[in-house]
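Remarks on the structure that follows.
Number of protein chains: 2
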Amino acid sequence: MPLTKIVNGLPDTIPFTGPEELERRMGRRFRLRLGANESVFGISPLARDAMKRAVDRVWRYGDPGNRELLDALAVHHGIPVERLVLGSGIDDLLGLAVRAFLNPGDTAVASLGAYPTFLYHVAGYGARSEQASYRFVGDAVHPLSNDLDALGDLARRSDARMVYLSNPDNPTGSWHTADDIRSLIGRLPGSCMFVLDEAYAEFAPEDVLPAADFDDSRLIRMRTFSKAHGMAGGRIGYAIGTPETISAFNRIRHHFGINRVAEEGALASLGDREFVRQVVKRVSEGRDDYARAAKSVGLITLPSATNFVSFDIGDGTRADTLCGLLLDLGCFVRKSGTPPLDRCVRVTVGTEADRRLFGDILERATSEMVR
Amino acid sequence: MPLTKIVNGLPDTIPFTGPEELERRMGRRFRLRLGANESVFGISPLARDAMKRAVDRVWRYGDPGNRELLDALAVHHGIPVERLVLGSGIDDLLGLAVRAFLNPGDTAVASLGAYPTFLYHVAGYGARSEQASYRFVGDAVHPLSNDLDALGDLARRSDARMVYLSNPDNPTGSWHTADDIRSLIGRLPGSCMFVLDEAYAEFAPEDVLPAADFDDSRLIRMRTFSKAHGMAGGRIGYAIGTPETISAFNRIRHHFGINRVAEEGALASLGDREFVRQVVKRVSEGRDDYARAAKSVGLITLPSATNFVSFDIGDGTRADTLCGLLLDLGCFVRKSGTPPLDRCVRVTVGTEADRRLFGDILERATSEMVR
C-alpha cells in the first residue's frame, strides 16, 4: 500500500487497551471498573434530561460552529468566545495542537510516563519527543510529581516547539500552583507552545489554575466534560487559547465532529454547578477512604487533586505483582511501567459500594503478596 | 504564532456554513430545514430506546476497539471484521484516508463541485487537488453526473495518489453502476487509492453497489448512519478496506472519538432493517412529490438515488435567484456555484407536511422570478 512515509513508519501500538478488550481476553467481566478515571457519580440530572430529549433530534447535524455551548463557556470563564474551540474530548484537541504547531521532525517535550495519547499524536504527525523524568522525593508533600525545572531545561536544550503538562497531573494525582506554571512558561523558548491539560481542573485546590484571563500567546489550556461532569462517553472537550491559536484549530478541525446529544448535555451540565460541587465533595471523601484502606494494609496513597488515587507500593516489581492480582480478582486498575511511576497503582475513586469492595479485594491481594 | 508551514498557508474558509449560523445572520429561524440531507424521518424506535438507555451509561468511555458494532457490521456485510473501522462520520474517515495516503504535495482527484470536505482535508494535509468537470448531457437518463472517464484520465495524467467519488452522488443525486466503478478502478494508476463515498448506499438501485466481498487493495468504501438511519447528529460512519488499509487507519485514528450513546444507537438501528426499508420507501415517494411540484411550476428535477433532489433551473443565474428567494422565504436549501452544477438547487426530501409547504414556497418563489 502506498502509505505516507510518516504513517508507514508508525507502530501498531495504540495508546490504551480498553477494559472491554481486557475482558474479552480474560473471558469474563470486571467486578470493578476503576482504571479509566471515569466519574462513577454519573451525570447531572439536568444533563440526563437534556440528552434524553436531544435523542429525538439526533437526525439533525449539530451546529458546526457549536455556538450555543461556546457562548455558555465564554460566559462561564469570563473570556471572549474567540478564545474557545470544542473538540471530541481532549484527545482530539491534543491531535489538533500537534498538527497545528509541530512540523515533521520538530521536538515536543513531556514527562516520561505522562499521558500516552499526547505522544501518540506527536509520533502520528512525524514529530519527535523528548521526555523528562518525573521527580521522586522521599516524603515531601508531593513525593512523586512532574519536574517543572527539568521540563523547562529540556525544552530549552532540545529547542522544543511544544511542551505538554497535565495539571493536576495524570497519572500521579499531584499538582503545581498557577505561579509555578507561569514561571515555567516564562522559561520556555520563545517559539515553544505550552499545552496545559486541565482535565481535572474541577478537583484542584484554588491556587492551581491560572486566572481565566491569564494570557500568553504560547498557552493552550484544555478542559473536558469527561471527568467532574461525568460525560466521558459523550466526547466533549474544549481548548482555550489566543484567537490566533483557535483560528488555526478552526482551519483543520473536523467541523461536524461533535455529537449533538452530548453537546446539549454539556450545556445543561455547565449550568448545574451544584452537581459538580457534590461530585468534587464525594470524590474527596472517596480519596480519604482509599487512604484509610491503604493504611490498613500497610501501604500509603499519594496526595491527589483528581478523581483517582495513586497507591504507592514501594517498588516496581511489587507494584506489578499487586496490579496483576487486582486484575485477576476482577478489578480494572492501571499502572505505569516507567520508573519512578512504576512503584504506583492508579485507582479511580469509586462509589461507596465500589470502595468497600475494593478494600476487600486490596486486602486479599496484599495478603497473597505476603505469602 | 509558530504554526506549521501547512497550517499557516490554509485559508480561514470552512467546508460548510451551518443553518444555525445562517439563522444567526438572518436574525430568524428557517421554516424548513432541507439543506443538509438529514433524514426528516428520524430514527428507528429501537435506536431511540437504545440511546435513551445509553445516556445513563455515558459516564463510561466507549470501547476504543468498538468491537460490538464492528462485529455486527462484519456480519451485516459478510466480511471479516479486520476490514472495518469506525469514525465519527464519513468526514472523519475522509481525513484519515488523506492523512494515511497523501504526502504533502501529492495529488488527489475529484469532481469539480464534489463534496467540499474531501478537498478541505486534502488542503489541510498539504496535498493538492485536481478536479474534473461534471458532465452535462441534455436529456440523457442522467443529464448531470460525474464523468468517470474524465476522472480516470485526470488521475493518470496527474499521477494522482487518490481519487474521490461519491456514488450515489452528492450533490447531483446521480449514480453509476458497480460495473462502471470497477472499470474506473481498473484504469487508475497502480499506486492510486480510490475513496468511494457511499453515504447514500441504502437509497441506491441494486446494481450500484459493488459486492461486499469485491476486493481491490486500492478501494476504501465509506458508509454512514447519518442518512437512511437518521443519525446525522450521532456521528457514526465506517470505512471498509483491506486489512492493511484498516490497520493504517488504526495507527492514526482518535481511539476514543466515538460517542457511546450513538454507538449503541447505531447497533440497534442496524438490527432494524424494516425501519430503513420504510425510510427508503418514503424518500422515494418524496422524490416523486418533488418531481410533480417542479413540473407544476415548469421546472424539472434530476433522477436521484439519494434522499435529496436536484431541481434543474436551467442556468446558474436563475438558479442563484431561486435559491436566494427560497432562503428569504425561510427554506434552507443549498446550491453549488460551480458550472455545470450551478444550474441546480438541491433540496432534501422532507416529510409530507414539509413537501406541501415547500411546494407552496416554490410556487411563490418562481412566480416572483417571473415578475
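Respectively, the protein sequence lines represent chains W and X. According to my numbering, the first sequence is numbered sequentially starting from 57. According to my numbering, the second sequence is numbered sequentially starting from 57. Ideal Cβ positions, reconstructed from N, Cα and C, are used throughout, including at glycine.
Cβ shell of residue i (< 7 Å), same chain only, five flanking positions each side left out
i, result
"alanine 304/W", "Ala156"
"threonine 394/X", "Leu168, Gly169"
"valine 114/W", "Arg316, Val317"
"histidine 132/W", "Leu326"
"leucine 418/X", "Ala349, Val353"
"alanine 179/W", "Leu66"
"phenylalanine 174/X", "Leu150, Ala166, Tyr220"
"leucine 244/W", "Gly208, Ala211, Val219, Phe250, Arg274"
Coarse secondary structure for residue i, derived from DSSP in three states
i, result
"alanine 174/W", "The sequence given here has phenylalanine at residue 174/W, not alanine. Phenylalanine 174/W: helix per DSSP, three-state reduction."
"phenylalanine 97/W", "coil"
"valine 336/W", "helix"
"valine 137/W", "helix"
"glutamate 330/W", "helix"
"serine 201/X", "strand"
"serine 273/W", "coil"
"valine 114/W", "coil"
"methionine 287/W", "coil"
"tyrosine 346/W", "helix"
"aspartate 195/X", "coil"
"leucine 221/X", "strand"
"glycine 74/X", "coil"
"phenylalanine 367/W", "strand"
"leucine 323/W", "helix"
"glycine 242/W", "helix"
"threonine 163/W", "strand"
"threonine 357/W", "strand"
"isoleucine 314/W", "coil"
"arginine 390/W", "strand"
"aspartate 253/X", "strand"
"cysteine 248/X", "coil"
"serine 144/W", "coil"
"serine 185/X", "strand"
Cβ-Cβ separation, residue j to residue i (assumed contact under 8 Å), whole Å
i, j, result
"proline 71/X", "histidine 198/X", "In fact, because the Cβ distance is near 25 Å, the residues do not count as touching under 8 Å."
"leucine 88/X", "phenylalanine 414/X", "6 Å"
"aspartate 203/W", "tyrosine 220/W", "Not a contact, Cβ separation roughly 14 Å."
"proline 160/W", "isoleucine 62/W", "6 Å"
"valine 137/X", "lysine 108/W", "So it is not a contact: roughly 31 Å between Cβ atoms."
"glutamate 319/W", "asparagine 122/W", "7 Å"
"isoleucine 314/X", "glycine 118/X", "5 Å"
"alanine 267/W", "leucine 125/W", "Not a contact, Cβ separation roughly 22 Å."
"arginine 307/X", "aspartate 162/W", "Contact flag wrong, Cβ pair sits at about 20 Å."
"alanine 216/W", "alanine 153/W", "Going by Cβ atoms, the distance from alanine 216/W to alanine 153/W rounds to 13 Å, so no, they are not a contact pair."
"valine 405/W", "arginine 343/W", "6 Å"
"leucine 200/W", "proline 396/W", "6 Å"
"phenylalanine 364/X", "threonine 357/X", "Not confirmed; about 10 Å, so no contact."
"tyrosine 171/W", "serine 214/W", "Actually they are not in contact, since the Cβ atoms of tyrosine 171/W and serine 214/W sit about 19 Å apart, beyond 8 Å."
Same chain, Cβ closer than 8 Å to residue i, neighbours up to 5 away in sequence not counted
i, result
"proline 120/X", "His311, Phe312"
"alanine 361/W", "Pro224, Gly229, Ser230, Trp231, Tyr256, Phe259, Ala260, Pro261, Val264"
"isoleucine 369/W", "Leu355, Ala375, Leu378, Arg399, Cys400, Val401"
"threonine 233/W", "Asp263, Val264"
"arginine 84/W", "Gly386"
"methionine 425/W", "Arg374, Thr377, Leu378, Leu381"
"arginine 102/W", "A small fix is needed here, since residue 102/W is leucine in this sequence, not arginine. Answer for leucine 102/W: Ala324, Ser325, Gly327, Asp328, Phe331, listed in chain order."
"glutamine 334/X", "Phe97"
Beta-carbon contacts of residue i that lie in its chain and below 6 Å, excluding the five residues immediately before and after
i, result
"phenylalanine 331/W", "Ser100"
> Using a Cβ cut-off of 9 Å, which residues of the stretch 90-104 of chain X contact any Cβ in chain W, in chain order?
Replying inline: Ala92, Glu94, Ser95, Val96, Phe97, Gly98, Ile99, Ala103, Arg104
>> If contact is defined by three or more beta carbon pairs under 8 Å, each pair taking one atom from either stretch, is the stretch 269-277 of chain X in contact with the stretch 242-258 of chain X?
In response: At 8 Å Cβ cutoff, the stretches touch.
> Can you list, in chain order, the residues of the stretch 307-333 of chain X whose Cβ is nearer than 8 Å to any Cβ on chain W?
Replying inline: For chain W, the residues of the stretch 307-333 of chain X that bring a beta carbon within less than 8 Å of one of its beta carbons are Arg307, Ile308, His310, His311, Phe312, Gly313, Ile314, Asn315, Arg316, Val317, Ala318, Gly321, in chain order.
>> Counting beta carbon pairs with one atom in the stretch 279-293 of chain W and one in the stretch 139-155 of chain W, are three or more of them shorter than 8 Å?
In response: Three or more Cβ pairs drawn from the stretch 139-155 of chain W and the stretch 279-293 of chain W lie within less than 8 Å of each other, which places the two stretches in contact.
> Are three or more beta carbon pairs between the stretch 92-104 of chain W and the stretch 322-338 of chain W nearer than 8 Å?
Replying inline: Contact holds: three or more Cβ-Cβ distances are below 8 Å.
>> Along the stretch 263-292 of chain W, where does the CB come closer than 8 Å to a CB of chain X? Name the residues.
In response: Ser273, Ser282, Gly286, Met287, Ala288, Gly289, Gly290, Arg291
> For the stretch 208-240 of chain W, which residues have a beta carbon sitting closer than 7 Å to at least one beta carbon of chain X?
Replying inline: Arg217
> Closer than 7 Å, Cβ to any Cβ of chain X: which residues of the stretch 172-203 of chain W, in chain order?
Replying inline: Gly180
> In chain order, what residues of the stretch 335-350 of chain X put their CB closer than 7 Å to some CB of chain W?
Replying inline: So the list is empty, because no residue satisfies the distance condition.
> Along the stretch 122-146 of chain X, what residues have a CB closer than 7 Å to any CB found in chain W?
Replying inline: Cβ contacts with chain W: Arg123, Ser144, Gly145.
> Of all the residues that make up the stretch 64-89 of chain W, which are near chain X by a beta-carbon distance shorter than 9 Å?
Replying inline: Of all residues in the stretch 64-89 of chain W, Asn64, Leu66, Pro67, Asp68, Thr69, Ile70, Pro71, Phe72, Thr73, Gly74, Pro75, Glu76, Glu77, Arg80, Arg89 have a Cβ within less than 9 Å of some Cβ in chain X.
> Between the stretch 411-427 of chain W and chain X, which residues of the former have CB atoms less than 7 Å from a CB of the latter, in chain order?
Replying inline: Residues passing the 7 Å Cβ filter: none.
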